[in-house]
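Novice: First the structure, which I've put down as structure tokens, then a few questions once you've had a look.
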Amino acid sequence: MCLSNHKYILLACILLLLASCGGTPRSKTPAVPEVSFSGDSAYAYVAGQVAFGPRVPGTDAHHDCVQYIGRTLERMGAQVAIQTGEVMRYDGEWQHVANICAHLPADSAYQGEKAVLLCAHYDSRPWADQEDDYAQRMSPIPGANDGASGVGVLMEVARQWALLGERKRPVDIVLFDCEDMGTPQFYTGKQHEHTWCLGSQLWSRIYVQQSAAGNRQTTSYAFGILLDMVGDPNAAFPREYYSEQYAKRYVEKIWHTAEQMGYAHRFVSTQAYPITDDHYYVNTIAKIPCVDIIHYVPSDTGFPWWWHTHADDMSTISPNTLQEVGRVIMVVISE
Ligand SMILES: [Zn+2]
19 MCLSNHKYIL
29 LACILLLLAS
39 CGGTPRSKTP
49 AVPEVSFSGD
59 SAYAYVAGQV
69 AFGPRVPGTD
79 AHHDCVQYIG
89 RTLERMGAQV
99 AIQTGEVMRY
109 DGEWQHVANI
119 CAHLPADSAY
129 QGEKAVLLCA
139 HYDSRPWADQ
149 EDDYAQRMSP
159 IPGANDGASG
169 VGVLMEVARQ
179 WALLGERKRP
189 VDIVLFDCED
199 MGTPQFYTGK
209 QHEHTWCLGS
219 QLWSRIYVQQ
229 SAAGNRQTTS
239 YAFGILLDMV
249 GDPNAAFPRE
259 YYSEQYAKRY
269 VEKIWHTAEQ
279 MGYAHRFVST
289 QAYPITDDHY
299 YVNTIAKIPC
309 VDIIHYVPSD
319 TGFPWWWHTH
329 ADDMSTISPN
339 TLQEVGRVIM
349 VVISE
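Residues 19 to 353 (the working numbering) make up the sequence shown, in order.
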């Protein structure tokens, strides 16, 4: 992902940084349901991906990781399909894309309910273009936080889904490819637009085509949640601008749930600038309201110090952070 180039929005948002006043009387707040989620298990799923090496599209590590994720989700009872296609990348070349799509069915009594879309990206950035040392920039990043962390949480969500006493709505887990192939900093050739999030652009366009064609298999979604960089011990998730613009009621729901669970330090009430991430295309092309839970900070790049460097390895992953994010997701999809 990258910062939006809508600089005017950025400036406006910085000026509008707001702190929550928290005026809702607590006595009217319903209790949060008890949920189960293992941060240690999610951590193991993150490590399982990172062990393949950088999951750069076209490499054996990428291929083997798709197999690992797909088979693991199938063992948990998910129906898994790989959606493929070709998308133009930053330099005008065609890029093969493989999105992993997993369906977790509702109990038969709830078959008519709208689904929830949970998503993350599993590819690794091919370049460490935020490294200070130029010689370090041309090799791929481990992508433990930037990619694998969100996938690890959602794999554990799938495992817990099978253990729930009642499944009140279908859940689709979509793991996008080629999120992180956006124009590298060192590229000086002709610039193309929309070079990030290639997998979610493809998925969203296919979703629209299938809906327009009246395909009875097309899933109807209530809302979506995207996880990106959700593993740092000090992760903080501000209310991202596009999420507020397109899916405000779900931002309110998720952040309020997190506050009730004692995670207000993680799901902070700050409203922050726009991020061009997979949710942008799910919102604008597929028109599914989708919230981005993403760790970003006031810094030169707008992201944590390890972002798009070789330091984005397992040392940046905390089972505790994964557990807090996972527990919030479990509550939101269990209601
Ligand atoms: Zn990235």
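Even glycine gets a Cβ: it sits at the ideal position worked out from N, Cα and C. Just so you know, these numbers come straight off a predicted model, no measurement behind them.
Taking only runs of the alpha helix (DSSP H) that begin and end inside the stretch 172-254, which ones reach a length of at least 4 residues, in chain order?
Specialist: Complete alpha helix (DSSP H) runs here, min 4: 216-230.
Novice: If you compare alpha carbons, which of E353, V349, S352 and E342 is closest to G57?
Specialist: Working through the sequence shown from its first residue, we reach residue 57 at position 39. Nearest option by C-alpha distance: E342.
Novice: Would you check if the distance between the CB atom of Q101 and the CB atom of C83 is smaller than 8 Å?
Specialist: Numbered from 1 along the sequence shown, position 83 holds the residue referred to as residue 101. Numbered from 1 along the sequence shown, position 65 holds the residue referred to as residue 83. For Q101 and C83, no; Cβs fall outside 8 Å.
Novice: In chain order, what residues of the same chain lie with their CB nearer than 8 Å to the CB of H328, ignoring the 5 residues before and after it?
Specialist: Locating residue 328 in the sequence shown gives position 310, where the first residue counts as 1. Excluding residues within five positions, the ones whose Cβ falls inside 8 Å are A146, E149, Q154, S157, I159 and P160.
Novice: Determine, using beta carbons only, whether V309 and Y268 come nearer to each other than 8 Å.
Specialist: Your numbering for residue 309 matches position 291 in the sequence shown. Your numbering for residue 268 matches position 250 in the sequence shown. Cβ distance < 8 Å, so V309 and Y268 count as in contact.
Novice: Tell me the residue span of the beta strand (DSSP E) that contains I311.
Specialist: The count along the sequence shown starts at 1 and reaches residue 311 at position 293. C308 to I312 is the span of the beta strand (DSSP E), which, as asked, contains I311.
Novice: Can you give me the start and stop residues for the alpha helix (DSSP H) that A265 sits inside?
Specialist: Residue mapping note: residue 265 aligns to position 247 of the sequence shown, counting from 1. Segment Y259 to Q278, the alpha helix (DSSP H) holding A265.
Novice: Among R89, E197, W323 and D330, which residue has its Cα nearest to the Cα of I293?
Specialist: For this step, residue 293 is matched to residue 275 along the sequence shown. That would be E197, whose Cα lies nearest to the Cα of I293.
Novice: For the stretch 212-219 against the stretch 183-197, are there 3 or more C-beta pairs whose distance is under 8 Å?
Specialist: Touching, yes, given that three or more Cβ pairs across the two stretches are closer than 8 Å.
Novice: Under the criterion of a Cβ to heavy atom distance below 7 Å, does R107 qualify as lining ligand 1?
Specialist: Mapped onto the sequence shown, residue 107 falls at position 89. No.
Novice: Specify which residues have a beta carbon nearer than 6 Å to any heavy atom of ligand 1, listing them in chain order.
Specialist: Ordered along the chain, the selected set is M19, R143, D164, D198 and H326.
Novice: Return yes when the Cβ of P75 is within less than 8 Å of the Cβ of H114, no when it is not.
Specialist: To locate residue 114, count along the sequence shown from 1; it is residue 96. To locate residue 75, count along the sequence shown from 1; it is residue 57. Their beta carbons are under 8 Å apart, which means H114 touches P75 by this criterion.
Novice: For M19, count the other beta carbons within 10 Å of its own beta carbon; 16 or more makes it buried, fewer makes it exposed. Which is it?
Specialist: Numbered from its first residue, the sequence shown carries residue 19 at position 1. Buried.
Novice: Is Y259 closer than 8 Å to A290 when the C-beta atoms are compared?
Specialist: Within the sequence shown, residue 290 is the residue found at index 272, counting from 1. Within the sequence shown, residue 259 is the residue found at index 241, counting from 1. Yes, the Cβ-Cβ distance between A290 and Y259 is below 8 Å.
Novice: To which residues does DSSP link L122 through a beta bridge?
Specialist: Residue mapping note: residue 122 aligns to position 104 of the sequence shown, counting from 1. For L122, which the question treats as bridged, DSSP gives the partners V189.
Novice: If we count Cβ pairs, one from each stretch, closer than 8 Å, do we get three or more for the stretch 169-176 versus the stretch 218-236?
Specialist: Result no; under three Cβ-Cβ pairs closer than 8 Å.
Novice: What whole-angstrom Cβ distance do T339 and G280 have, given they're in contact under 8 Å?
Specialist: For the purposes of this step, residue 339 is taken as residue 321 along the sequence shown, with counting starting at 1. For the purposes of this step, residue 280 is taken as residue 262 along the sequence shown, with counting starting at 1. About 14 Å; that fails the 8 Å criterion.
Novice: Going by DSSP, what residue range makes up the alpha helix (DSSP H) through A79?
Specialist: Within the sequence shown, the letter at position 61 stands for residue 79. Note, A79: alpha helix (DSSP H), D78 to R93.
Novice: Please classify N117 as buried or exposed, where buried requires at least 16 other C-beta atoms within 10 Å of its C-beta.
Specialist: In the sequence shown, the residue the question calls residue 117 occupies position 99. N117 is buried by the Cβ-count criterion.
Novice: Evaluate Y128 with the Cβ neighbour count: other Cβ atoms within 10 Å of its Cβ, from every protein chain shown; 16 or more gives buried, anything less gives exposed.
Specialist: For the purposes of this step, residue 128 is identified with residue 110 of the sequence shown, where counting begins at 1. Y128 should be labelled exposed.
Novice: Would DSSP call T102 helix, strand or coil?
Specialist: For the purposes of this step, residue 102 is taken as residue 84 along the sequence shown, with counting starting at 1. Of the three classes helix, strand and coil, the one that applies to T102 here is strand, per DSSP.
Novice: Tell me which same chain residues have a C-beta within less than 6 Å of the C-beta of E92, skipping the five on either side of it?
Specialist: Reading the sequence shown from its first residue, position 74 is the one you call residue 92. Closer than 6 Å at Cβ, skipping near neighbours: V98.
Novice: Report all residues from its chain with a CB closer than 6 Å to the CB of R107; omit the five preceding and five following residues, and keep chain order.
Specialist: The count along the sequence shown starts at 1 and reaches residue 107 at position 89. If we look at R107 and ignore the five residues flanking it on each side, its Cβ neighbours are Q113 and M199.
Novice: Report all residues from its chain with a CB closer than 8 Å to the CB of V350; omit the five preceding and five following residues, and keep chain order.
Specialist: Along the sequence shown, read from residue 1 onward, the residue named residue 350 stands at position 332. So the qualifying residues of the chain are V134, I243, K271, I272 and T275.
Novice: Assuming contact is defined by CB atoms lying nearer than 8 Å, are D190 and T236 in contact in what I supplied?
Specialist: Mapped onto the sequence shown, residue 190 falls at position 172. Mapped onto the sequence shown, residue 236 falls at position 218. Contact: no.
Novice: Please report how far the alpha carbon of K208 lies from the alpha carbon of H326, in whole angstroms.
Specialist: Position 190 of the sequence shown holds residue 208. Position 308 of the sequence shown holds residue 326. Their Cα atoms are separated by approximately 22 Å.
Novice: Where does the unbroken beta strand (DSSP E) through H426 begin, and where does it stop?
Specialist: With the chain represented from 19 up to 353, any question about residue 426 goes unanswered, as that position is not in the structure.
Novice: Find the nearest neighbour of S59 within the set D246, A124, D125 and Q178, judged by alpha-carbon distance.
Specialist: The count along the sequence shown starts at 1 and reaches residue 59 at position 41. Considering only alpha carbons, the answer is Q178.
Novice: Does the Cβ of E174 have 16 or more other Cβ atoms within 10 Å, making it buried, or fewer, making it exposed?
Specialist: Against the sequence shown, residue 174 aligns to sequence position 156. By the 10 Å Cβ count, E174 comes out buried.
Novice: When we look at the beta-carbon of A166 and count the other beta-carbons within 10 Å, is it buried (16 or more) or exposed?
Specialist: Looking up residue 166 in the sequence shown gives position 148. Looking at its Cβ environment, which holds 16 or more other Cβ atoms inside 10 Å, A166 is buried.
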